[in-house]
Amino acid sequence: MSIISSSSSSTHRLLPHLRFLSSSATSFPDLDTLSVSQAKFKLRYHPNPDKALAIFSSIFDRLYDPISTRYILDLVVRQLAEAQRFSDIENLIESHKSHPKFAQEPFFATLIHAYGRARMTDRAIQTFRDMDGLATPPRSVISFNALLTACYKAQQFNQVTELFSEITKNYEIAPDTASYGILIKSHCESGQPESAISLLNEMEEKGIEIGTFAYTHILDSLYKKGKVEDAEKLWNEMREKGCSPDVVAYNVKIMHAAHHQKPKEVLKLIDEMVSAGLKPDTISYNFLITCYCKNGQMDEAKKVYMGLQEKGCKPNVATFRTLVHFLCENGDFDMALEVFNASKKRHKIPKNKVSDLGNMGNLIRGLVKTSKSEEAKAVLEYVKKRFPESFMNGWKKVEMELGLTDEGKGSTQAYWGALVTHHPQLQNPRTHSPKPALLLISFSSLLKP
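Following UniProt numbering, the numbering of the sequence shown begins with 1 at its first residue and continues without gaps.
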């Protein structure tokens, strides 16, 4: 059955849902004079789904190009998706389909992208179909690539392959380098680097330019499947065909070396990049840091981190995530706090993965263990405001465990009372209060995630 089937333009067309958006906008009067750049900053660093909707509503008329529109819409949809508010995502996108601005294909493609960000591929496909009655015909590779990207972002890799075949045939759209790039990435993500290599041959036959990125994704897939010899063969083939490896391609090789905990090999590849006139980036050094950490060489990892600025690089979220994790694992909570504070200053706090909740929890627990309760509370209060709403229950649990709220203190005191009642040896006979050293041992068991 065809994925893109024909239907009347009025079939299952949702009515605009503007009431909620209007009420959201009036709930945040401080947004009236917000500039586009300020809006981007707030959306990136101060997540709040309701406010995100209001921000989009307040600046929508000032979004004059599809790139800015796509960027802003992606940020809004990401927040709504993290909060599991998929009906709000649908209402937001559907209410803008008939807006005159989206009659232009580049703008309309942003709506398809947005559904992909939310992993709502059925709606992305429906939106592509709706272009018949809403967007300026005919469809081109712009909306085609947007749909392929939407399915790729939703990890519907088989669907990318099916759509590529069907749309190029039924809509007479000629795929370009980017189209093939998305298709190659999908094959690689499906664990099929061999079929991706055959696509390189197809591109060559059609005279479509093969960029380094196409080789890079296949190299990555081959390394992950343990086909090192095939990867090295493709690397040499890429160079023989005049396609010079770029920083991203080198980072794939560096990642492979780091994964196998070979810091000397990582350093060798970084030197090779420099000799080739390339500048290693933060990702390159992140792999080196990770490699050192996994090898237990924390001092070396710290040196790389401290020397990033000298190398012309800035630490990113992955840098901070890795260091906080391994520093806490090694009991260096002071340095972990220093790294956390640096991530605050750069607005790069790791906050989008479940593991980030665990890492921050370990930091907070470690600070409490080392008698730094005030610092622990400051970290907790800060991350509560920055993490997605879906993580809130996790933070409440940490607060209760560590007694960092009035309610938590009560439950902690009750815990000690019950503990001393059942274990009199924990009580100081002179003061009738818990013995700190023994309680610390018991408390450590309570602090375990």
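Every residue, glycine too, gets a C-beta built ideally from N, C-alpha and C.
DSSP, reduced to helix, strand and coil, places residue 63 outside both helices and strands of the structure shown, so it counts as coil.
Per DSSP, residue 275 is one residue of the alpha helix (DSSP H) stretching across 263-275.
Look at residue 38 here: in three-state DSSP terms it is helix.
Secondary structure of residue 116 (DSSP, three-state): helix. Contact annotation: the stretch 33-41 does not touch the stretch 76-87, with fewer than three C-beta pairs closer than 8 Å.
Annotation: residue 209 to residue 361 spans about 48 Å, alpha carbon to alpha carbon. Rounded to the nearest angstrom, the Cβ distance from residue 44 to residue 75 is 6 Å, consistent with a contact under 8 Å. Of the residues assessed, residue 331 falls on the exposed side of the cut-off, its CB having fewer than 16 other CB atoms within 10 angstroms.
For residue 333, the CB contacts under 6 Å within the same chain, skipping 5 residues up- and downstream, are 366, 367 and 370 in chain order. Within the stretch 282-320, the runs of alpha helix (DSSP H) at least 4 residues long that lie entirely inside it are, in chain order, 282-294 and 298-306.
Classified as buried, residue 215 has 16 or more neighbouring CB atoms from the shown chains inside 10 Å of its CB. CA-to-CA, the gap between residue 93 and residue 114 works out to about 8 Å. Of the other Cβ atoms in all chains shown, 16 or more fall within 10 Å of the Cβ of residue 203; this residue is therefore buried. Per the coordinates, the alpha-carbon of residue 251 lies some 6 Å from the alpha-carbon of residue 284. With distances taken between CA atoms, residue 323 lies nearest to 340 out of 381, 103, 340 and 139.
With contacts defined as CB atoms closer than 8 Å, residue 313 and residue 281 qualify as a contacting pair. Minimum Cα-Cα distance from residue 171 among the listed residues 275, 140, 47 and 387 corresponds to 140.
At a cut-off of 4 residues, the continuous stretches assigned as alpha helix (DSSP H) that sit fully inside the stretch 221-259 are 228-240 and 247-259. As the crow flies, the alpha-carbon of residue 158 is around 40 Å from that of residue 305. Nearest C-alpha to residue 316 among 346, 295, 310 and 201: 346.
Bounds of the alpha helix (DSSP H) holding residue 144 are 141-153. The C-alpha of residue 268 is placed about 16 Å away from the C-alpha of residue 245. Taken through DSSP and simplified to helix, strand or coil, residue 209 comes out as coil.
The Cβ atoms of residue 62 and residue 110 do not sit closer than 8 Å to each other.
Burial is judged here by how many other beta carbons sit within 10 angstroms of a residue's own beta carbon; residue 67 has fewer than 16 and is exposed. A straight-line Cα-Cα distance of about 45 Å links residue 393 and residue 194. Within the model, the alpha-carbon separation for residue 183 versus residue 357 is close to 34 Å.
The Cβ neighbour count for residue 96, taken over all protein chains shown within 10 Å, is at least 16; the residue is labelled buried. When secondary structure is reduced to three states using DSSP, residue 86 falls in the helix class. In this structure residue 187 is in contact with residue 196, their Cβ atoms being roughly 4 Å apart against a cut-off of 8 Å. Under the rule that a run must span 4 or more residues, the alpha helix (DSSP H) segments found entirely inside the stretch 159-208 read 177-189 and 193-206. Judged by their CB atoms, residue 117 and residue 169 are not nearer to each other than the 8 Å cut-off. A direct Cα-to-Cα measurement between residue 129 and residue 123 gives close to 10 Å. Following the DSSP letters along the chain, one finds residue 103 in no alpha helix (DSSP H), marked with neither H nor E.
The three-state reading of DSSP puts residue 325 in helix, counting H, G and I together. The beta carbon of residue 402 is closer than 6 Å to those of 368 in its chain, skipping five residues each way along the sequence.
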